[in-house]
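Undergrad:
Protein chains: 2
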Amino acid sequence: MTGMTVLYPIIGLVGLISAGFIYLSIRKIEVKNPTMVDISEAIHRGAMVFLRREYTILAVFVLAVFGILSAFITIQTGLAFLVGACSSMLAGFFGMKAETRANVRTSQAANESGIARALSVAFSGGAVMGLSVASLGLIGVSIAYILYTNGIIQASDINGFAMGASSIALFARVGGGIYTKSADVGADLVGKVEAGIPEDDPRNPATIADNVGDCVGDTAGMGADIFESYVGSIIATIAIAAAGSSAVLNITEENKLTYILLPVLLVTIGLIASLIGVGSIRVLKNMNPAAALRTSTILSAVLMLAGALLAVNSLGLELGIFGAIFMGTLSGIVIGLLTEWYTGGSPVRRIADSCRTGVATNIISGLAVGMQSTAAPILMIAATILVAYNFAGLYGIGIAAVGMLGTVGITMSVDAYGPIADNAGGISEMSGLGKETRSITDSLDALGNTTAAIGKGFAIGSAALTALALYSAYAKTVGLTSINLIDPLVVVGLLLGGVLPFFIGDLTMSSVGKAAFAMVEEVRRQFRDIPGLMEGKAKPDTARCVDISTRAALKEMVLPGLVAVLTPVIVGLGLGPTALGGMLAGATLSGVLLALFMANAGGAWDNAKKLIENGYLGGKGSDAHKAAVVGDTVGDPFKDTSGPSMNILIKLMSIVSLVIAPLL
Amino acid sequence: MTGMTVLYPIIGLVGLISAGFIYLSIRKIEVKNPTMVDISEAIHRGAMVFLRREYTILAVFVLAVFGILSAFITIQTGLAFLVGACSSMLAGFFGMKAETRANVRTSQAANESGIARALSVAFSGGAVMGLSVASLGLIGVSIAYILYTNGIIQASDINGFAMGASSIALFARVGGGIYTKSADVGADLVGKVEAGIPEDDPRNPATIADNVGDCVGDTAGMGADIFESYVGSIIATIAIAAAGSSAVLNITEENKLTYILLPVLLVTIGLIASLIGVGSIRVLKNMNPAAALRTSTILSAVLMLAGALLAVNSLGLELGIFGAIFMGTLSGIVIGLLTEWYTGGSPVRRIADSCRTGVATNIISGLAVGMQSTAAPILMIAATILVAYNFAGLYGIGIAAVGMLGTVGITMSVDAYGPIADNAGGISEMSGLGKETRSITDSLDALGNTTAAIGKGFAIGSAALTALALYSAYAKTVGLTSINLIDPLVVVGLLLGGVLPFFIGDLTMSSVGKAAFAMVEEVRRQFRDIPGLMEGKAKPDTARCVDISTRAALKEMVLPGLVAVLTPVIVGLGLGPTALGGMLAGATLSGVLLALFMANAGGAWDNAKKLIENGYLGGKGSDAHKAAVVGDTVGDPFKDTSGPSMNILIKLMSIVSLVIAPLL
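Protein sequence lines correspond, in order, to chains E and D. Each residue of the first sequence is one higher than the one before, counting from 0 in numbering that gives the first Met the number 0. Each residue of the second sequence is one higher than the one before, counting from 0 in numbering that gives the first Met the number 0.
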């Protein structure tokens with residue numbers, strides 16, 4: 000198989016072309032209702048304006064870092080960084096294009112043809128994102144692999160590719176998170192609470208921004224996050240293999256290339272498995288939607304594992320490596336299911352019950368559930384590390400992460416389906432498509448919430464494992480045999496690293512607060528100054544709200560981004576490589592804990608509110624419901640801004656450390 | 000000075016006798032108003048019932064652990080454990096006795112003689128606790144030292160003393176925290192919100208329980224916490240010295256005893272300095288109360304540092320050791336002041352401002368402030384570690400902690416003054432002593448809130464440093480030269496340790512929720528079933544509420560306690576000493592971060608509410624005030640139950656590890 004390396008980028012290209020065909024098949028569907036066209040155009044425009052302005056700012060950052068890397072590391076690393084950054088931006092762009100075209104068509108399909116067709120359109124939109132992420136990642140790393148085997152670049156140069164992906168991810172996640180929640184909170188606070196109009200009402204000037212937010216936060220942000228984990232896990236595994244032998248595996252100069260090849264081959268198999276999974280939805284679309292998505296995901300995972308077993312065997316590698324891959328795949332699934340339980344099972348009922356005694360008890364019980372929810376996923380990650388290491392050393396930890404992320408083509412497709420269904424619901428409401436249509440989009444949206452919860456858990460789990468893999472790669476690359484916790488420098492690093500996620504948590508939550516406040520003022524102003532708006536006789540100035548969110552997101556993403564990129568450099572050069580190792584461990588630990596705590600508390604509050612809205616404890620308008628709404632609002636920045644930022648923070652810090660390793 | 004070792008326990012005894020005289024001087028004051036006698040008797044009875052029942056349960060636990068330690072470690076360790084546990088219980092008992100006698104007399108002094116006399120009585124009550132803690136600790140460790148120098152026990156046996164103190168501390172802190180907040184939240188939810196009666200109104204059946212809660216949580220719980228840090232830091236330093244030479248200090252078999260003596264000598268000096276500080280209040284009492292407390296604290300610190308310099312010099316030890324002591328003392332003061340700023344400075348105004356847009360934004364900004372507040376104290380701790388280590392190796396970290404805690408006699412006195420002033424306010428209100436008296440007790444109470452904030456910061460900072468010292472002692476005692484973060488077992492330990500504080504946070508918050516709910520039901524029942532209660536014609540059944548809090552606290556403290564004691568044993572024996580090392584590091588990191596986050600968020604919410612109650616943004620009854628009340632209620636278990644539990648958790652886990660070190 001080592002001779003067939005040229006095949007890998009070609010398979011990546013096939014994936015990308017498939018995504019292109021799916022996109023065209025969506026565009027081909029004609030939207031007939033002019034109101035729907037208007038609304039979807041507004042969302043599309045808002046999303047594209049945000050992307051353009053975001054990428055303009057990022058271009059400056061990317062070029063600056065390219066220059067620095069080229070000067071201080073190698074020009075090849077700088078170029079790899081550039082390609083990684085561009086790939087991530089491209090994936091985000093493709094995903095957003097598809098999402099803003101698929102949303103309105105899902106709405107139309109729900110109206111005209113029913114749930115099966117609507118599911119199919121929404122999933123197709125998601126698949127464009129999923130396949131783009133997987134394919135662009137594969138093309139990048141496989142070309143890098145070919146350049147490396149031909150002696151054109153060093154193995155360490157490839158790290159630049161992951162750093163490029165990571166840098167974009169941070170800004171996309173933080174910026175997207177601030178965007179979506181400032182719009183959401185702003186729209187809700189005035190719309191539902193003060194003006195007394197329902198969600199997604201066309202009179203509310205912030206609704207378009209709210210729907211754009213779903214795209215830029217949940218699609219582009221999540222896509223960049225997963226793309227980063229995907230690329231990061233592959234490159235960490237390559238770096239560990241390149242650093243040579245371990246206690247468990249016998250990596251020699253002769254067989255090293257095989258170990259380096261395996262992660263690339265594995266994701267190639269994963270992409271093929273994902274393509275089959277995506278295709279299977281056409282067959283499965285008449286099943287209940289939840290079952291259809293689940294079946295296709297499991298199908299892909301099983302196919303990839305079968306291929307992995309074959310690959311490990313035919314490359315003549317230790318069978319234990321397959322054990323590590325299997326454990327990684329299993330772990331991803333289990334963590335996803337745990338998240339689903341915490342944000343959908345009995346903890347949600349416990350939170351809903353606490354709404355009986357008011358807001359305070361609702362907040363307390365939500366925070367308690369969030370704290371509780373950290374334990375099981377951490378135990379799963381710990382078990383994965385132990386098993387993977389025993390099977391295949393540090394390489395096992397890396398390849399387990401790759402195993403978890405191998406079928407990203409399908410998992411990301413399922414994930415990106417959610418915001419499309421959410422948008423479709425908004426468009427149906429704003430266009431007045433009637434109760435029946437809304438009930439179809441509601442049920443697709445509810446499924447989207449479940450897949451989003453699973454997706455979030457998966458994103459955290461994969462980030463944790465990827466960060467640990469990158470961390471191992473860092474230690475191996477710097478040539479550290481010990482990061483000794485008895486050494487006070489390491490303890491100091493641990494403390495500094497541990498505090499960073501809290502600091503970023505504060506920054507991002509405060510940003511949402513500020514931006515939401517500006518949004519509230521603007522919406523109030525429009526209701527006051529635009530005559531006839533409340534009566535539905537005049538149109539709101541939605542572009543202004545879009546602009547407020549855009550500006551706030553772009554302004555507020557800069558500081559967290561710089562903190563994440565610069566602290567490893569400062570600590571590494573100032574206190575040395577072992578202190579930096581301690582810092583990475585501290586940041587990963589507290590970052591993963593906060594990510595789980597915040598994401599799950601937020602998700603559980605959200606669903607407790609939905610439970611009450613569905614009639615529990617008196618339903619909408621009851622005192623319990625009012626308490627639940629507050630919990631949901633607190634949970635919004637928790638689950639969609641600050642929590643997800645942690646994923647990127649820990650990966651980005653690790654990859655920056657890996658890239659600057661030659662300087663230490 | 001090594002020849003005068005018999006003097007140390009005698010000085011401890013002098014401290015204890017001074018505390019006794021102060022207590023008698025309080026009791027001598029006759030309470031004239033029969034209503035006040037009744038109320039104070041009810042509080043006293045409630046507190047004593049709680050202590051008796053708590054100590055009955057603890058006796059079983061203590062005897063069981065005594066047996067286990069005697070069987071598996073040494074009988075001497077078991078005995079040391081027993082003495083440590085009894086000392087902690089005794090300190091708690093003395094403190095509670097003094098508090099429940101001083102509260103009513105403070106109230107009377109405020110009514111009859113004005114603020115200076117009231118301050119003096121309240122502070123005397125606190126001083127009984129402060130001096131008891133310092134003296135009992137000194138007597139225990141100095142006698143252990145004498146037994147050790149005479150070859151009767153091993154240095155490692157002394158660890159049992161710290162473990163005894165720690166075990167009691169955990170139950171006292173967790174039980175006390177659950178007690179005080181279930182009563183507080185229960186009283187507030189029904190009293191203020193539903194029945195519309197003010198705080199501490201005699202018609203509310205839960206007010207007595209609420210006031211008992213101030214004693215058992217803020218006095219006994221805090222006292223046990225500080226006692227544990229005090230004893231733990233001394234013993235960690237002894238253990239480090241006993242383990243022998245280090246990179247920085249040249250500890251030989253000949254001079255080892257001098258290094259072991261220093262911490263004991265240092266706290267002896269600290270106790271003398273504290274006695275002078277306590278006495279100085281008599282001279283300073285006509286100053287403004289805040290200035291008086293501050294002056295006496297600083298006076299003691301300066302005296303102790305002067306004595307420390309002298310001691311280090313005359314013992315012929317390296318001067319760098321004094322540098323470490325100085326850094327520890329400084330660090331304790333700075334962390335206290337940082338806490339005061341976060342719970343009293345501009346962050347509080349920021350939270351109050353966020354109440355304008357409702358509860359949700361208030362909660363979000365409080366959580367953000369809590370996260371932000373972790374950074375500066377952690378940087379201070381990190382700086383202390385670096386400086387202390389550079390001056391005097393691992394021994395420096397231990398002795399810095401002792402330096403921070405050396406003047407515990409005065410810092411704990413100031414701290415224990417707070418709940419007495421709080422109680423005095425409650426008694427004045429319940430006895431109808433009139434506006435003028437209430438205004439005096441209010442101003443003393445406000446000062447108490449400030450000292451409580453500083454005390455909480457100090458408790459966290461000292462817990463962190465003590466835990467790190469114990470951790471170093473553990474590593475040295477087991478003979479580990481490396482706890483390597485590249486070793487997956489250590490990473491697994493780190494992850495498991497990191498999750499424990501979140502788990503304990505969940506348990507304790509949920510316990511408060513459950514207990515508060517039971518209290519709400521009972522208060523509602525009494526208002527419903529007792530005719531004339533609302534009109535003030537009938538008396539509420541306060542004993543029943545006291546019983547509910549007592550039962551809940553005792554029941555709910557067991558699980559967190561067992562988790563903290565057993566996990567180090569299980570991980571140490573199951574995964575080995577390096578994994579246990581990783582676990583301690585993980586637990587300390589995430590425990591300190593959560594402690595700071597929760598304590599400061601809670602304190603800031605509390606003071607934001609007070610700011611609004613003092614007229615900001617419309618004052619009491621405004622919408623902003625309603626939002627602020629919810630934030631305060633969420634903050635209650637944060638700052639008084641879950642946050643403080645972390646301090647003990649991290650110390651207890653470290654000390655248990657140190658004690659079981661011979662088994663590993």
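Ideal Cβ positions, reconstructed from N, Cα and C, are used throughout, including at glycine. Here the structure is a predicted model, which is why all the values come from computation and not from measurement.
Ala323/D and Phe390/D: beta carbons closer than 8 angstroms?
TA: Yes; because the gap between Cβ atoms is below 8 angstroms, this pair is in contact.
Undergrad: Does DSSP put Asn389/E in a helix, a strand or coil?
TA: The answer is helix: DSSP assigns Asn389/E an H, G or I state.
Undergrad: Per DSSP, what kind of secondary structure is Met0/D in: helix, strand or coil?
TA: Low confidence applies here, because Met0/D scores a pLDDT of 48, under 50, leaving its location unreliable; read the following figure in that light. Three-state result, Met0/D: coil.
Undergrad: Measure the C-alpha to C-alpha separation of Ser353/D and Ser509/E and round it to an integer number of angstroms.
TA: Cα-Cα distance, rounded: 11 angstroms.
Undergrad: Pick from Leu553/E, Ile239/E, Asp156/E, Ala115/E: whose alpha carbon is nearest that of Thr465/E?
TA: For Thr465/E, the nearest C-alpha among the options comes from Ile239/E.
Undergrad: Name the chain D residues whose beta carbon is nearer than 8 angstroms to that of Thr566/E?
TA: Per Cβ cutoff of 8 angstroms: no residues; Thr566/E is ~12 angstroms from chain D at best.
Undergrad: Is there contact here, the region 376-385 of chain E with the region 109-125 of chain E, by at least three beta-carbon pairs under 8 angstroms?
TA: No: the two stretches stay apart, fewer than three of their Cβ pairs being nearer than 8 angstroms.
Undergrad: In the DSSP output, which residue or residues are listed as bridge partners for Asn483/D?
TA: Answer by DSSP bridge pairing, in chain order: Asn483/E.
Undergrad: Comparing C-alpha positions only, which one of Gln371/D, Ser279/D, Arg116/D, Ala300/D sits nearest to Leu407/D?
TA: Note on identity: in this sequence residue 407/D is Val, with Leu being the wrong assignment. Ranking Gln371/D, Ser279/D, Arg116/D, Ala300/D by Cα distance to Val407/D puts Ala300/D first.
Undergrad: With 16 other CB atoms within 10 Å as the buried threshold, where does Ser330/E fall?
TA: Counting Cβ neighbours within 10 Å, Ser330/E comes out buried, since at least 16 surround it.
Undergrad: Closer than 7 angstroms between beta carbons: that is the criterion. Which residues of the region 379-395 of chain D meet it against chain E?
TA: Listed in sequence order: Ile380, Ala381, Ile384, Leu385, Tyr388.
Undergrad: Do you know how far the Cα of Pro539/E is from the Cα of Val628/E?
TA: Roughly 25 angstroms separates the two Cα atoms.
Undergrad: Starting from Pro418/D, trace the alpha helix (DSSP H) both ways and give me its first and last residue.
TA: Note, Pro418/D: alpha helix (DSSP H), 407-429.
Undergrad: So does Lys27/E have its beta carbon nearer than 7 angstroms to some heavy atom of the ligand SAM?
TA: For the structure depicted, the ligand SAM is absent and the ligand set is empty, with no information on it obtainable.
Undergrad: Counting contacts by CB-CB distance shorter than 8 angstroms, is Gly581/E in contact with chain D?
TA: Cβ-Cβ to chain D under 8 angstroms: yes for Gly581/E.
Undergrad: Closer than 6 angstroms by C-beta to Thr440/E: which residues in its own chain qualify, once you throw out the five before and the five after it? Chain order, please.
TA: Excluding sequence neighbours, Thr440/E sits near Ala109, Ala423, Gly424, Ser427.
Undergrad: Does Thr342/D come out as helix, strand or coil in the three-state DSSP assignment?
TA: Thr342/D falls in the coil class under three-state DSSP.
Undergrad: How should Glu29/D be labelled, buried or exposed, when 16 other C-beta atoms within 10 angstroms of its C-beta is the threshold for buried?
TA: Its Cβ having fewer than 16 others within 10 Å, Glu29/D is exposed.
Undergrad: Enumerated in chain order, which unbroken segments of the beta strand (DSSP E) with a length of 3 residues or greater are wholly contained in the region 471-532 of chain E?
TA: You should have found no qualifying run.
Undergrad: On the DSSP letters alone, give me the boundaries of the alpha helix (DSSP H) that Val30/D sits inside.
TA: Counting along the chain, Val30/D falls outside any alpha helix (DSSP H), and DSSP gives it neither H nor E.
Undergrad: Whether or not the region 571-588 of chain E and the region 476-494 of chain E are in contact is what I'm after, with contact meaning three or more pairs of Cβ atoms, one per stretch, closer than 8 angstroms; do they touch?
TA: Segments in contact, yes.
Undergrad: Check the Cβ-Cβ distances between Ser509/D and every residue of chain E, and say whether any is below 8 angstroms.
TA: It does: the Cβ of Ser509/D has a partner Cβ on chain E nearer than 8 angstroms.
Undergrad: Pull out every residue of the region 613-639 of chain D whose Cβ sits closer than 7 angstroms to any Cβ of chain E, in chain order.
TA: Cβ contacts with chain E: Val629, Thr632, Val633, Pro636.
Undergrad: Compare the C-alpha of Cys544/D against each of Ala517/D, Leu532/D, Val557/D, Glu555/D and name the closest.
TA: The residue with the shortest Cα to Cα distance from Cys544/D is Ala517/D.
Undergrad: Are three or more beta carbon pairs between the region 620-627 of chain D and the region 487-501 of chain D nearer than 8 angstroms?
TA: With a cut-off of 8 angstroms, the region 487-501 of chain D and the region 620-627 of chain D do not count as touching, because too few Cβ pairs lie within range.
Undergrad: Could you tell me the alpha carbon to alpha carbon distance between Asp224/D and Val568/E, rounded to whole angstroms?
TA: Roughly 39 angstroms between the two C-alpha positions.
Undergrad: Determine, for Val498/E, whether the minimum Cβ-Cβ distance to residues of chain D falls below 8 angstroms.
TA: So, interface residue.
Undergrad: Closer than 6 angstroms by C-beta to Gly602/E: which residues in its own chain qualify, once you throw out the five before and the five after it? Chain order, please.
TA: Excluding positions up to five away in sequence, the list reads Thr342, Ala452, Lys638.
Undergrad: Assuming Leu565/E contacts Gly174/E under a Cβ cut-off of 8 angstroms, what Cβ separation, rounded to an integer in Å, is found between them?
TA: The pair is not a contact, with the Cβ atoms about 18 angstroms apart (cut-off 8 angstroms).
Undergrad: At a CB distance below 9 angstroms, what residues from the region 261-281 of chain D approach chain E? Give them in sequence order.
TA: Answer set for the region 261-281 of chain D: empty.
Undergrad: May I ask which residues mark the beginning and end of the alpha helix (DSSP H) holding Tyr229/E?
TA: Here the alpha helix (DSSP H) through Tyr229/E covers 221-241.
Undergrad: Does any CB atom of chain E fall closer than 8 angstroms to the CB of Asn483/D?
TA: At least one chain E Cβ lies under 8 angstroms of Asn483/D.
Undergrad: Use the C-beta contact count for Arg104/D: other C-beta atoms within 10 angstroms, 16 or more gives buried, fewer gives exposed.
TA: Result: buried.
Undergrad: Short of 8 angstroms in beta carbon distance, which residues of its chain neighbour Met0/E, apart from the five on each side in sequence? Order them along the chain.
TA: Confidence in Met0/E is poor, its pLDDT being 48 and thus under 50, which makes the residue's placement unreliable; the coordinate value appears in the next sentence. The residues are Leu260, Leu264, Ala310, Ser313, Leu314.
Undergrad: Kindly list the residues whose CB is nearer than 7 angstroms to the CB of Gly535/D, restricted to its own chain and excluding five residues on each side of it in sequence; keep chain order.
TA: Result list for Gly535/D: Arg202, in chain order.
Undergrad: Please name the residue in Asp199/D, Gly176/D, Gly512/D, Thr206/D whose C-alpha comes closest to that of Gly220/D.
TA: Gly220/D has its Cα closest to that of Gly176/D, out of Asp199/D, Gly176/D, Gly512/D, Thr206/D.
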